[in-house]
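Protein chains in written order, with my numbering: chain Z, 1 to 480; chain H, 481 to 693; chain L, 694 to 994.
We treat Cβ as the ideally placed atom computed from N, Cα and C, and that holds for glycine.
Here the structure is a predicted model, which means the values were calculated and not measured.
Below: the structure, in structure tokens.
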Amino acid sequence: MKELSLIIVPLVGAMLAAAWPGNRTRPWLLPLVGLIHAALSCWLLAAPPAAPLGAWLAFDALTRAVLPAVSLLFLVCALYGVSYLRVRGERSNRVFVTALLAVLGLLSAGHQARHLGLLWIATEAVTLAAVPLLHFNGTPRAFEATWKYLLIGGTGIALSLLGSFCLGYASLHGGGVGDLTFTALIAQGRGLSRPWVLAAWVLLLVGYGTKMGLAPMHTWKPDAYGEAPGIVGAILAGGVTTVAFTAILRVRAVVSAAGEAAMADRTLLALGLFSMLVAALMLLGTRDFKRMLAYSSVEHMGILTIGAALGAAGFWAAMFHVWANSLTKGALFMSAGNLRRAAGGRTTDEVCGMALLTPRSAAIFVTGMFAVTACPPFGPFFSELRVVRAAFETGHGAAATMFLTCLLFAFFGLTRLVFAIVDGRPRRTARTAGHHFPETMGLVLPPLALLGCSLWLGLWTPGVLRDAWTAAASQFFPVK
Amino acid sequence: MNETTNLLIGIAMGLNLLALGSSRLPTLILAMSAQGVVLGLMPLLIVEPPDWRVLLVAVATVAGKGLVIPHLLRRAMRTAHIDREVEPFIGFVPSLLLGAGGTIAAVAVARTLPLLPEHSGSLLVPGSLASVLTGFVLLIGRAKAISQVCGYLILENGIYLFGLLLIHSTPLLVESGILLDVTVGVFIIGIIVDRIQRAFDSLDTRKLTALRE
Amino acid sequence: MTLILDLLPRFALWFVLAPLLPGIINKVKAWVAGRRGPPVLQLYYDLARLWRKGVVLSTLASPGFVFGPAVAWVAVMGAALLLPLGPAGGAPGFRGDMLVLIYLLALARFGTAWAAMETGSAFEGMGVAREVSYAVLAEAALITAMLALCVQTGSTSLAAMLAPAAGADAALLAAGLFVVLLAENCRVPFDDPNTHLELTMIHEVMVLDHSGPPLAVILHGASVKLLLFALLLTEAVLPVGKLAPGVAAAALAGGVLAVTVGAGLVESLLARLAFRRVPLLLTTAFLLCLFALLMAWKGGA
């Protein structure tokens, strides 16, 4: 029942928000639902329920390892959202709050889906629910970003449906009875028709890879993250992408059961490295600090994909990195949102001297940048270290070298951009705009909290999380 | 039964080429909606005798793809005063040749894929692949938002066609979910089209280039 | 000797019946437009009148100006004689005569183009350029259609190819051949036989400087070509070889009439295409024939 409440509570909250009359009080639904959701998922994290085999929805080990991170991120984002929506009091937030809560509910459904079709429906619904979030700002540029998001994301999701059908046909061809739960598909294993499994893997990888933002299907990401409000970026980067990632992991398990694990791992590794490379090169070139976050997200999706390709140890590291990346990226998105509102611009041509203008947000932004580029002692450092170790242990020395090179380039790109906007003296126009932007506690504390979580993950990873990750890894890589 | 379905799929493949070659938006919308209707009738032929679920899927598809969506698109075109010309990035003759080559390739590829005996003589797989390819050519090769939406719908039609292979085995949930999502997706796309119109005074996606590196 | 005896009545048939078709087309157009229109036999009167007239020759023109139309007419007539006449079969039928047919049609086009170039006028050169560039695309479609028929019947002789029905791909083939017919005979939507607007003329440009008997020959050749394509289309679709002779003859006549009326209707109901759209339509015709070919090839196997 608790598992289902994770889905139902946010959806009921969304309906409530749609009907709620007061524009000023409505945002408080966000932290309320977020708190219930976080409490429920922490409870389930500590006391995992039995996941019935063959159920369409279940809180299994993978869900347990990932969903609490999304839940925690959402809670902090919700707290930030209350202050943010107060700053943006001139706009009606009815659609925004409704869509945000719906996204949370559908994300929980997507994470718990054990059925290929249900997983697809949840992902598609998340895609659609995120649309109003992206054009909250209502500018022509936001519309442009939304259009691209919908068109590219829609095409990706369509391809993943085609891939799901292919997998279904593989099962049917192998004598299955059309049971598309992952348990049944894995049980069928080598009985699945090989050509159809390969077709399904390619299509699902492209489809869910588009949602995840892997290069070369990442092109919607910079636009969407650049134009959306900070918390939307944080939830897209830390929540929606994880659903697509877990979808890829679940499909990979089926492909691996069909005896194609080596092929699947090779494609994942190649795609991950390519994403990192593209992201690192784009980071060296971009001048816009919100688009920078998007490319950084592409890079981290690449890291997750590489981790998923490296066996049990890599899988464990990927789980770790989901947490580290979600929390750290959340802090960055929120502080970047603050800087963006204070500076009134987003490129290095328009913005500089933010350290003087908004010292607290700028400090969080710089710290977050160091955290996300894997500087110790933050979480991403340790998770990426484990990815590298897994790569060397499984004999992927060249991949590990390339991985480290990409990280170095990304570090150059990020530091160049971040210090360009933080350093120096603010322009006079920016200085007057900055006075209209009070750095209230509500806008500074949430990112600081997330940064604290990231540090906490790095210095002292809680045992319950380690257990959850190990359980997830052993679900996908049973110990012989 | 197989003959009739193959004939219908053949018509759908012809409509693909019509969509690629049409230089006017109404023709494109007509081709897309006719394809929707043709495909909507397919489940009735495949499942014999048709039960209420199949009937529901057929009615929903015909109504959605054949009537509602084309109507919304036409209304968007009228209210937004969109020029009737399709503006191609990839010229009509090259897109037509691409589509024809894709269709031939789809037939060739489908022959190499293992199929269940009851699907072996059917054009379902090649028809599906050809529609997906056509949809991609239209998505990539047309400048106007409405023609891209039509391309997306043809892509969806192709996927729907593939889904018919599984109509005996997939539960209703998946089927209805697909329809719902397609409709909702286009509905939202339609709203955005409207908004783009107001924001840019044009439906030309070539103007959507403010965001780039 | 028997061959000549066989050929003479065929020749007479083609010679006499061909000018009827443009008359029918014009009558259909007039009927759709609600006019009375010229009589069906108008082209006969025109030809007789032109034949009696003198010839105006440019001082620049070489004898090719007169030879061109003659060559074209002979080539078209030869091609027409190759075509089997339903129950009567093909006169000098031999293996591979379908290639000769295609080449003769090309030769006919060369003849008119040559004659037009002889005038030395840039204007007629333009007409030739347009005509030939359309013909390239139309010819591809025609050859593909012929190939489809070859593959289907396993024969390269016209008499055998055209006897059975074209099978499941008949609709594709009919559509493709009909477009080729319209393009090859310079009908709407490719060209307008009535136009005298210099920017839009194609075929009419080429024959602008001809007069008297050479013009009559050109006009008669054009009508033979129209009949040839109408007959080819009918025979490709209808199973004339399987019917009783009387029925086959009636079916043939009915088919040709239907095609002619169809061309007339197209001409009345459609506008001319813009020049840049023409390749698209011809490519479509080519693709239709190509799919017919593939269906004949793979469907039969």
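Inter-residue Cα distance where the pair is residue 428 (chain Z) and residue 562 (chain H): Your numbering for residue 428 (chain Z) matches position 428 in the first sequence. Your numbering for residue 562 (chain H) matches position 82 in the second sequence. Spanning the two alpha carbons is a distance of roughly 44 Å.
Name the chain Z residues that come within less than 9 Å of residue 639 (chain H), Cβ to Cβ? In the second sequence, the residue the question calls residue 639 (chain H) occupies position 159. Those are 158, 159, 161, 162, 165, listed as they occur along chain Z.
Residues in the region 319 to 353 of chain Z having any Cβ partner in chain H nearer than 7 Å: none
Three-state class that DSSP yields for residue 994 (chain L) in the structure shown: Counting from one through the third sequence, the residue named residue 994 (chain L) turns up at place 301. Bear in mind that a pLDDT of 44 at residue 994 (chain L), under 50, signals an unreliable position, so the number given afterwards is only what the model happens to contain. Correct three-state label for residue 994 (chain L): coil.
Quick one: grab the DSSP three-state call for residue 246 (chain Z). Looking up residue 246 (chain Z) in the first sequence gives position 246. Residue 246 (chain Z) falls in the helix class under three-state DSSP.
Go through the region 112 to 165 of chain Z residue by residue and report every complete run of the alpha helix (DSSP H) that reaches 4 residues or more, in order. 116 to 129, 131 to 134
What three-state label does DSSP hand residue 229 (chain Z) in the structure shown? Counting from one through the first sequence, the residue named residue 229 (chain Z) turns up at place 229. Here residue 229 (chain Z) sits in coil by DSSP.
Excluding five sequence neighbours on each side, which residues of the same chain lie with their C-beta closer than 7 Å to the C-beta of residue 851 (chain L)? In the third sequence, the residue the question calls residue 851 (chain L) occupies position 158. Excluding positions up to five away in sequence, the list reads 775, 776, 777, 783, 786, 790, 791, 794.
If you run the structure through DSSP and keep just helix, strand and coil, what is residue 624 (chain H)? As a working mapping, residue 624 (chain H) is identified with position 144 in the second sequence. Residue state, collapsed to three classes: strand.
Curious, which full-length alpha helix (DSSP H) runs of at least 4 residues does the region 71 to 120 of chain Z contain? 94 to 112
Say whether chain L places a C-beta atom closer than 8 Å to the C-beta of residue 485 (chain H). The residue labelled residue 485 (chain H) in the question sits at position 5 within the second sequence. Cβ-Cβ to chain L under 8 Å: no for residue 485 (chain H).
Whether residue 256 (chain Z) touches residue 204 (chain Z) by CB criterion (8 Å): Looking up residue 256 (chain Z) in the first sequence gives position 256. Looking up residue 204 (chain Z) in the first sequence gives position 204. Contact flag unset, no.
Beta-carbon neighbours of residue 972 (chain L), restricted to chain H and to distances below 8 Å: Sequence index remark: in the third sequence, residue 972 (chain L) carries index 279 (1-based). The contacting residues are 573.
Can you find a C-beta in chain H that's less than 8 Å from the C-beta of residue 714 (chain L)? Taking the third sequence and counting its residues from 1, the one referred to as residue 714 (chain L) is at position 21. It does not: the Cβ of residue 714 (chain L) has no partner Cβ on chain H nearer than 8 Å.
In three-state terms, what does DSSP make of residue 595 (chain H)? What you label residue 595 (chain H) is simply residue 115 of the second sequence in a count that begins at 1. It is coil, neither helix nor strand.
Check each residue of the region 502 to 514 of chain H: if its Cβ is closer than 8 Å to any Cβ of chain L, include it; give the result in chain order. 503
Between residue 195 (chain Z) and chain H, is the shortest Cβ-Cβ distance under 8 Å, so that the two count as touching? Within the first sequence, numbered from 1, the residue matching residue 195 (chain Z) stands at position 195. Output row for residue 195 (chain Z): interface = yes.
Compare the C-beta of residue 983 (chain L) with all C-beta atoms of chain H and state if any pair is closer than 8 Å. Reading the third sequence from its first residue, position 290 is the one you call residue 983 (chain L). Yes, because at least one Cβ of chain H sits closer than 8 Å to the Cβ of residue 983 (chain L).
Looking at the unbroken alpha helix (DSSP H) that takes in residue 486 (chain H), where does it start and where does it end? Residue 486 (chain H) sits at position 6 when you count from the first residue of the second sequence. Segment 482 to 501, the alpha helix (DSSP H) holding residue 486 (chain H).
Who are residue 568 (chain H)'s beta bridge partners in DSSP? Reading the second sequence from its first residue, position 88 is the one you call residue 568 (chain H). Beta-bridge pairing links residue 568 (chain H) to H:622.
Going along chain B in order, which residues have a C-beta closer than 9 Å to the C-beta of residue 559 (chain H)? This model lacks chain B altogether; the protein chains it does include are Z, H and L.
What ranges does the alpha helix (DSSP H) occupy inside the region 519 to 566 of chain H, keeping only unbroken runs of at least 4 residues that lie completely in it? 532 to 541, 549 to 559
Would residue 927 (chain L) count as contacting chain H if we go by Cβ distances under 8 Å? Residue mapping note: residue 927 (chain L) aligns to position 234 of the third sequence, counting from 1. Answer no: the Cβ-Cβ gap between residue 927 (chain L) and chain H never drops below 8 Å.
Can you list, in chain order, the residues of its chain whose CB lies under 6 Å from that of residue 218 (chain Z), leaving out five sequence neighbours each side? Reading the first sequence from its first residue, position 218 is the one you call residue 218 (chain Z). Closer than 6 Å at Cβ, skipping near neighbours: 298.
Just to confirm, does residue 49 (chain Z) get its C-beta within under 7 Å of one of the non-hydrogen atoms of the ligand MG? Because no ligand of any kind appears in the structure shown, any question about the ligand MG cannot be addressed here.
Does the region 84 to 101 of chain Z touch the region 51 to 61 of chain Z, meaning 3 or more C-beta pairs lie closer than 8 Å? no
Does the beta carbon of residue 612 (chain H) come closer than 8 Å to any beta carbon on chain Z? For the purposes of this step, residue 612 (chain H) is taken as the residue at position 132 of the second sequence. Chain Z, which has a Cβ nearer than 8 Å to the Cβ of residue 612 (chain H), makes this yes.
Kindly give me the distance between the Cβ atoms of residue 642 (chain H) and residue 459 (chain Z), rounded to whole angstroms, as I take these residues to be in contact under 8 Å. What you label residue 642 (chain H) is simply residue 162 of the second sequence in a count that begins at 1. What you label residue 459 (chain Z) is simply residue 459 of the first sequence in a count that begins at 1. Between residue 459 (chain Z) and residue 642 (chain H) the Cβ distance is about 50 Å, and since that is not below 8 Å, they are no contact.
Residue 316 (chain Z) - containing alpha helix (DSSP H), residue span: Position 316 of the first sequence, counted from the start, is the residue given in the question as residue 316 (chain Z). That run of the alpha helix (DSSP H) goes 311 to 343.
Output, in chain order, the set of chain H residues within a Cβ distance shorter than 9 Å of residue 812 (chain L). Taking the third sequence and counting its residues from 1, one reaches residue 812 (chain L) at position 119. The contacting residues do not exist; residue 812 (chain L) stays about 32 Å from chain H at best.
Taking the alpha carbon of residue 819 (chain L) as the point to measure from, which residue in L:899, L:907, L:967 has its own alpha carbon closest? Locating residue 819 (chain L) in the third sequence gives position 126, counting from the first residue. The shortest C-alpha separation from residue 819 (chain L) is found at L:899.
Tell me which same chain residues have a C-beta within less than 6 Å of the C-beta of residue 736 (chain L), skipping the five on either side of it? Position 43 of the third sequence, counted from the first residue, corresponds to residue 736 (chain L). Same-chain partners within the cutoff: 712, 715, 716.
Can you list the alpha helix (DSSP H) stretches of 4 or more residues lying completely in the region 346 to 431 of chain Z, in chain order? 354 to 357, 359 to 372, 379 to 393, 397 to 422
Would a check of beta-carbon distances place residue 580 (chain H) closer than 8 Å to chain L? Locating residue 580 (chain H) in the second sequence gives position 100, counting from the first residue. At least one chain L Cβ lies under 8 Å of residue 580 (chain H).
With 16 other CB atoms within 10 Å as the buried threshold, where does residue 359 (chain Z) fall? Within the first sequence, numbered from 1, the residue matching residue 359 (chain Z) stands at position 359. It is exposed - the Cβ of residue 359 (chain Z) has fewer than 16 other Cβ atoms within 10 Å.
Hey, would you say residue 513 (chain H) sits closer than 8 Å to residue 544 (chain H), going by beta carbons? Residue 513 (chain H) sits at position 33 when you count from the first residue of the second sequence. Residue 544 (chain H) sits at position 64 when you count from the first residue of the second sequence. No, Cβ-Cβ distance for residue 513 (chain H) and residue 544 (chain H) is not below 8 Å.
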